[in-house]
Amino acid sequence: MSRSRRIKEFLIEKLILASGLASVVFVVLIFIFLLREALPVLKAVSPGAFLGGRFWYPISEPARLGILPLILGSLAVTLGAVVLAVPLGIAAAFYIAEVAPPRLRGLLKSCVEVLAAIPSVVLGFLGITILVPFLKSFLGLPTGLTALAGSIMLAFMALPTIISISEDAINAVPKEYKEGALALGATHWQTLRRVVIHGALPGIIAAAMLGIGRVFGETMAVMMVTGNAAVLPHGLLEPVRTLTATIAAEMGEAAKGSAHYAALFGIGAVLFIISFLINLTADLFLARGRKR
Amino acid sequence: MRNEAVRQKIGFGALLVATLVVVVPVVLIVVLILTRGFGALSWEFLFTMPRDGMKAGGIFPAIIGTFILVVTSIAFALPIGVMAAVYLHEYARENLLTRVINLAIINLAGVSSVVFGLFGFSLFVIFLRFGVSITAGALTLGIMTLPVIITTTREALRAVPRSYREVSFSLGASRWQTVRHAVLPFATPGILTGAILSVGRVAGETAPILFTVAAFYLPRLPHSLGDQVMALPYHLYISTTQIPGIPEGYRYGTALVLVGLVLVVNVAAVFFRAKMRKRR
Chain A
10 MSRSRRIKEF LIEKLILASG LASVVFVVLI FIFLLREALP VLKAVSPGAF
60 LGGRFWYPIS EPARLGILPL ILGSLAVTLG AVVLAVPLGI AAAFYIAEVA
110 PPRLRGLLKS CVEVLAAIPS VVLGFLGITI LVPFLKSFLG LPTGLTALAG
160 SIMLAFMALP TIISISEDAI NAVPKEYKEG ALALGATHWQ TLRRVVIHGA
210 LPGIIAAAML GIGRVFGETM AVMMVTGNAA VLPHGLLEPV RTLTATIAAE
260 MGEAAKGSAH YAALFGIGAV LFIISFLINL TADLFLARGR KR
Chain B
2 MRNEAVRQKI GFGALLVATL VVVVPVVLIV VLILTRGFGA LSWEFLFTMP
52 RDGMKAGGIF PAIIGTFILV VTSIAFALPI GVMAAVYLHE YARENLLTRV
102 INLAIINLAG VSSVVFGLFG FSLFVIFLRF GVSITAGALT LGIMTLPVII
152 TTTREALRAV PRSYREVSFS LGASRWQTVR HAVLPFATPG ILTGAILSVG
202 RVAGETAPIL FTVAAFYLPR LPHSLGDQVM ALPYHLYIST TQIPGIPEGY
252 RYGTALVLVG LVLVVNVAAV FFRAKMRKRR
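These protein sequence lines are chains A and B, in that order.
By the numbering used here, the letter at position 122 of the first sequence is numbered 131, and the numbering carries on one by one without gaps.
By the numbering used here, the letter at position 40 of the second sequence is numbered 41, and the numbering carries on one by one without gaps.
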């Protein structure tokens, strides 16, 4: 090999290595830049008062920067979405993977892919024009902009993740397990309920966790339909405000360098850490599923 | 035994009902956007500037803005993503480093889109002084879409038979020559699938561009990468929540253009994937 060619290859291989490391660099950069802008908030409030404070009045004098109402708002909306989406998603995954005839299976999978592709702002738009007025008149509420509306929207956004990963897990269960059960005289339904579900369980748990991660970090749809009231939530039929919506709604008006600005980055750091933990756990379950 | 057969019927019936609860709304959503948005579509709507505080005229600058953001962010993310996948699949052995890289990819895929927006704002807009610009928005969107490109490229590389590499090595080719001539050409449809999927993702995202590039109202086309642009998803957001009195057809029309774009792109991806499978 000629010398110039060897140098060229050396450079290309270094470039490939650098690209391989890029993801790590970006994750570290995200964390550093969130912290860099967030840390000044500790001059205004203690970490305990920031995370546990019950009042979010960022522009009053003095500003009160407690994000507990926002954390609880995110939790309420997420919990509602999980209760709706996890059972539905797992059931649909079983139907698509095991019960549906092949032609219908393709059609159903395309529907799930279409749902995954619809941008969240479009779902938010439909939520505000159709779902919110419907909830208002159907449940007789003063406003349809509630945590419940957010939960329903988010359930739909989590479903494609839950369905496709659960379906992979169900398909990955060794055929021998299933055939063994059927050979022993079990019905198809018994086989699914007693055998297949155990083999697929780690993958299904991972699917649920990744769905939760998606829900917790969702911004646009949830901001458009939940009413954005930054108060401690008492139930799903009231307006709430999530962590993500707070950043999206207030970042434009927060003066750079103010405690409010730093607090919004603090919320970003909290979101980053939570999504990191959720994804780490989901990955552990997925790895366990693969090992089997 | 009869009992079990009845149980199975009930069980499968319940699974079917759950599936319908998921699928029927999806069909309704698509039909609704198609029927209500179609009436708004016109030459004027697609190809002219907005007028009267965006209550009339078209959405041309938003369409162009989204197009520019898609092209620039993919131009940035595609080479890095493909090379990262090549590193992970063709060069690296499984060790602690690849474990850390994989973890970073998974984590990057899970970060909330609004957190990407904050990050892009503080790194690109403020720290690197790009300002609120196409550059800042495209880099933010590009980083966000890296995991999609890496994962799909890796799958495409996995589908290239091992024998191709072995033949190339046995002819005395170096590792890079093998990758360049014996692996990448056969992985191209799969790589394109990944690129197309991330086009759909980039086109639909709102939160990452909120503070990095999106303009509320800018009835002209950008001149350079330092300009702000309007974008379809952001335009749909503000016309739904910030500007009262916009005719509803206008909003549905915007939604239709956005969803239409994303779905066409996804159908193209499915087509490429099918082509790749056939080749195997």
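From the three backbone atoms N, C-alpha and C, an ideal C-beta is built for every residue, glycine too.
Mark residue i as exposed unless 16 or more other C-beta atoms lie within 10 angstroms of its C-beta, in which case mark it buried.
i: GLU249(B); result: exposed
i: ALA264(A); result: exposed
i: ARG223(A); result: buried
i: LEU211(B); result: buried
i: ILE106(B); result: buried
i: THR36(B); result: exposed
i: ARG112(A); result: exposed
i: LEU48(A); result: exposed
Is the CB-CB distance between residue i and residue j below 9 Å?
i: VAL131(A); j: VAL231(A); result: no
i: ALA239(A); j: GLY57(A); result: no
i: LEU79(A); j: ARG250(A); result: yes
i: PRO211(A); j: ALA178(A); result: yes
i: ALA106(A); j: GLU176(A); result: yes
i: GLY89(A); j: ALA164(A); result: yes
i: PHE120(B); j: LEU60(A); result: no
i: SER160(A); j: VAL92(A); result: yes
i: ILE69(B); j: PRO190(B); result: no
i: ALA78(B); j: LEU147(B); result: yes
Taking 9 Å as the CB-CB cut-off, is residue i touching chain A?
i: GLU45(B); result: no
i: LEU142(B); result: no
i: MET50(B); result: no
i: ILE151(B); result: yes
i: PRO26(B); result: yes
i: VAL230(B); result: no
i: PHE128(B); result: yes
i: TYR238(B); result: yes
i: PHE212(B); result: yes
i: SER113(B); result: yes
Nearest to residue i by alpha carbon, out of the options?
i: LEU158(B); options: THR136(B), THR146(B), LEU172(B) and LEU185(B); result: LEU185(B)
i: LEU101(A); options: GLY14(B), LEU233(B) and LEU79(B); result: The sequence as given places Ala at residue 101(A); Leu does not occur at that position. Checking every option, the nearest Cα to that of ALA101(A) belongs to GLY14(B).
i: GLU22(A); options: ASP53(B), LEU42(B), MET84(B) and MET55(B); result: MET84(B)
i: GLU91(B); options: SER123(B), PRO162(B) and PHE39(B); result: PRO162(B)
i: SER43(B); options: ILE60(B), PRO80(B) and VAL268(B); result: ILE60(B)
i: MET50(B); options: ASN96(B), TYR218(B), ALA269(B) and ALA275(B); result: TYR218(B)
i: GLY62(A); options: ALA72(A), ILE76(A) and ILE68(A); result: ILE76(A)
i: PRO62(B); options: MET145(B), VAL258(B) and VAL268(B); result: VAL258(B)
i: THR141(B); options: SER123(B), THR154(B) and THR152(B); result: SER123(B)
i: ARG297(A); options: ALA215(A), ALA72(A) and LEU148(A); result: ALA215(A)
i: PHE272(B); options: ALA215(B), VAL230(B) and ILE197(B); result: ILE197(B)
i: ARG221(B); options: ALA76(B), PHE39(B) and GLY66(B); result: GLY66(B)
Counting only beta-carbon separations shorter than 9 Å, does residue i have a partner in chain B?
i: SER119(A); result: yes
i: LYS265(A); result: yes
i: ASN288(A); result: yes
i: GLU227(A); result: yes
i: THR196(A); result: yes
i: GLU122(A); result: yes
i: THR138(A); result: yes
i: PHE165(A); result: yes
i: SER284(A); result: yes
How many Å lie between residue i and residue j at the Cα?
i: ALA57(B); j: GLY246(B); result: 11 Å
i: ASN4(B); j: LEU97(A); result: 25 Å
i: HIS236(B); j: VAL23(B); result: 28 Å
i: ALA41(B); j: THR255(B); result: 9 Å
i: ILE30(B); j: LEU140(A); result: 12 Å
i: THR242(B); j: ILE137(A); result: 9 Å
i: VAL266(B); j: THR255(A); result: 32 Å
i: PHE128(B); j: ILE127(A); result: 33 Å
i: GLY244(A); j: ALA156(A); result: 8 Å
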